[in-house]
Amino acid sequence: MIVWKEILLRLSLAAFFGAVIGLERERKDWAAGLRTHMMVCLGASLTVMVSAYGFSDILGTKNVVLDPSRIAAQVISGIGFIGAGTILFLRKGIVRGLTTASGLWTVAAIGLATGAGMYFAALITTVLAIIILWVLQPVEKKVSGRFKQKSLKIILKDTGHPAGIIDSLIKTSELEIASCSLEKSDNEYILFFRFTRLDSAAFARLAADFQSEPGVKEITWDN
Numbered sequence: 033m034i035v036w037k038e039i040l041l042r043l044s045l046a047a048f049f050g051a052v053i054g055l056e057r058e059r060k061d062w063a064a065g066l067r068t069h070m071m072v073c074l075g076a077s078l079t080v081m082v083s084a085y086g087f088s089d090i091l092g093t094k095n096v097v098l099d100p101s102r103i104a105a106q107v108i109s110g111i112g113f114i115g116a117g118t119i120l121f122l123r124k125g126i127v128r129g130l131t132t133a134s135g136l137w138t139v140a141a142i143g144l145a146t147g148a149g150m151y152f153a154a155l156i157t158t159v160l161a162i163i164i165l166w167v168l169q170p171v172e173k174k175v176s177g178r179f180k181q182k183s184l185k186i187i188l189k190d191t192g193h194p195a196g197i198i199d200s201l202i203k204t205s206e207l208e209i210a211s212c213s214l215e216k217s218d219n220e221y222i223l224f225f226r227f228t229r230l231d232s233a234a235f236a237r238l239a240a241d242f243q244s245e246p247g248v249k250e251i252t253w254d255n
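Printed below as a string of structure tokens:
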């Protein structure tokens, strides 16, 4: 049976490792912040200790066979329920919370490693997780910004003419449309475009023309 000093050390380290990663999420004001990451890491650590040592009193009993990894394995699948709650589908093609969900999954693994006494592995994983979440974020934004598709959203009254707007954009050689969608509600049309290539001056001229049309209610440009 594991001694109480070792239990205290493992649980304390698990809470600390979870807090380090949780602080990075907390600074962005995500729902899964400091306390959530600490609880996940702490709970995973306790789970792996229970899985490894919690049934030692009945080991050796006739007809009793135990798999010490069985309970700990459920943490990896069970953390998916918490991770799914942090993912938000804002609109088609726009998803938020995937990084936080993957962070919670990693924190659970850190807790398992800490509870199993693999302190160095838990420490290195924590350090690498902070590098990935914090240090590499500016690099990711710089690289992804070069490949990010620009988007345009136009809302028209039901008396508007979306076909004319679509035709104008298609015929503009300075703009290259990657995708186009049209939604119809009770009293309006919603046009959504994504571009792989554009000319700012050409778009400005078209936007001015669209705004002057009586049927256009709103134009939103995301660059």
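Going from the sequence shown to the numbering used here is simple: count from 1 and add 32. Beta carbons: idealized from backbone N, C-alpha and C, even for Gly. Owing to the predicted nature of the structure, the values given are computational and were not obtained by experimental measurement.
Same chain only: Cβ atoms within 7 Å of residue i, ignoring 5 sequence neighbours per side
{"i": "Arg57", "result": "Ala64, Gly65, His69, Thr132, Gly135"}
{"i": "Phe49", "result": "Cys73, Ile142, Thr146, Ala154, Thr158"}
{"i": "Val107", "result": "Ala76, Thr79, Ala140, Leu144"}
{"i": "Ser101", "result": "Ser83"}
{"i": "Ala47", "result": "Met70, Cys73, Leu74"}
{"i": "Phe3", "result": "This structure cannot settle anything about residue 3, because the visible part of the chain is limited to 33 through 255."}
{"i": "Gly115", "result": "Ala133, Leu136, Trp137"}
{"i": "Asp156", "result": "Checking the sequence, you will find Ile at residue 156 rather than Asp. Here the set comprises nothing."}
{"i": "Leu55", "result": "Leu66"}
C-beta atoms of residue i and residue j nearer than 8 Å
{"i": "Ile186", "j": "Val248", "result": "yes"}
{"i": "Gly129", "j": "Thr118", "result": "yes"}
{"i": "Asp190", "j": "Glu220", "result": "yes"}
{"i": "Ala233", "j": "Leu207", "result": "no"}
{"i": "Ile289", "j": "Ser88", "result": "The question about residue 289 has no answer, for the chain in this structure spans 33 to 255."}
{"i": "Tyr85", "j": "Met150", "result": "no"}
{"i": "Ile96", "j": "Ile90", "result": "One detail in the question is off: residue 96 reads as Val in this sequence, not Ile. For Val96 and Ile90, yes; Cβs fall inside 8 Å."}
{"i": "Ala195", "j": "Ile53", "result": "no"}
{"i": "Leu165", "j": "Trp253", "result": "no"}
Sequence-distant residues of its chain with Cβ nearer than 6 Å to residue i (five each side left out)
{"i": "Ser213", "result": "Phe224"}
{"i": "Ala148", "result": "Val80"}
{"i": "Ala240", "result": "none"}
{"i": "Leu45", "result": "Thr146"}
{"i": "Lys203", "result": "none"}
Closest residue to residue i among the options (Cα-Cα distance)
{"i": "Ser205", "options": "Met81, Gly149, Ser217, Phe227", "result": "Phe227"}
{"i": "Ser244", "options": "Val171, Leu188, Gly112, Gly110", "result": "Leu188"}
{"i": "Pro246", "options": "His193, Ala210, Ile202, Gly92", "result": "His193"}
{"i": "Ser200", "options": "Arg59, Arg42, Leu238", "result": "Leu238"}
{"i": "Ala51", "options": "Ile202, Leu168, Arg67", "result": "Arg67"}
{"i": "Lys60", "options": "Phe113, Gln169, Arg42", "result": "Gln169"}
Cβ neighbours of residue i in the same chain (closer than 8 Å, five flanking residues each side left out)
{"i": "Ile198", "result": "Cys212, Leu214, Leu223"}
{"i": "Gly92", "result": "none"}
Terminal residues of the alpha helix (DSSP H) in which residue i lies
{"i": "Leu238", "result": "232-244"}
{"i": "Leu214", "result": "Segment 208-216 is the beta strand (DSSP E) holding Leu214; no alpha helix (DSSP H) there."}
{"i": "Ser200", "result": "194-203"}
Cβ-heavy atom distance, residue i to the ligand MN, below 7 Å
{"i": "Leu74", "result": "With respect to the ligand MN, the structure shown offers nothing to examine, as it has no ligands at all."}
(request) List in chain order: all unbroken alpha helix (DSSP H) runs of 4+ residues lying wholly within the stretch 53-114. (result) 66-85
(request) Please go through the stretch 134-187 and give each complete alpha helix (DSSP H) segment of 4 or more residues, from N-terminal end onward. (result) 151-162, 169-179
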